[in-house]
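Inspection log for the structure reproduced underneath, given as structure tokens.
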Amino acid sequence: MTKFLYHRRSHAAPGPLPLPEPPLDPPNPGLACGMCPKSFPNAAALSRHQRFVHRLERRHRC
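Counted the way my numbering counts, the sequence shown spans residues 8 to 69.
Have a look at this one:
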């Protein structure tokens, strides 16, 4: 065998990779909007959603 074939064998995986472990606790659902079923990761995103969706504020004048 050539050196290249020995080298290629060194990169071969010995078997299947182990499965990743499941997370210990479920992810945080976030902050829920009181007017619709959406939820948001932080208070700033919830506030922005309420301003521009439920209060109909415009981001720009045009």
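Cβ atoms here follow ideal geometry from the backbone N, Cα and C, with glycine treated the same way.
Exercise. Taking only the alpha-carbon atoms, compute the straight-line gap between C40 and R68 and give it to the nearest angstrom.
Key: In the sequence shown, counting from the first residue as 1, residue 40 sits at position 33. In the sequence shown, counting from the first residue as 1, residue 68 sits at position 61. Spanning the two alpha carbons is a distance of roughly 26 Å.
Self-check item: Where the alpha helix (DSSP H) containing K10 begins and where it ends
Solution: Start at 1 with the first residue of the sequence shown, and residue 10 comes out as number 3. Element bounds for K10: K10 to H18.
Self-check item: Alpha-carbon to alpha-carbon, R16 and P23
Solution: The residue given as residue 23 occupies position 16 in the sequence shown. The residue given as residue 16 occupies position 9 in the sequence shown. Cα to Cα, the separation comes out at about 16 Å.
Exercise. Please name the residue in P48, L53 and N35 whose C-alpha comes closest to that of M70.
Key: As displayed, the chain neither begins before 8 nor continues past 69, which places residue 70 out of reach and without an answer.
Quiz item: DSSP beta-bridge partners for L38?
Solution: As a position in the sequence shown, residue 38 is number 31, starting the count at 1. Paired residues: F47.
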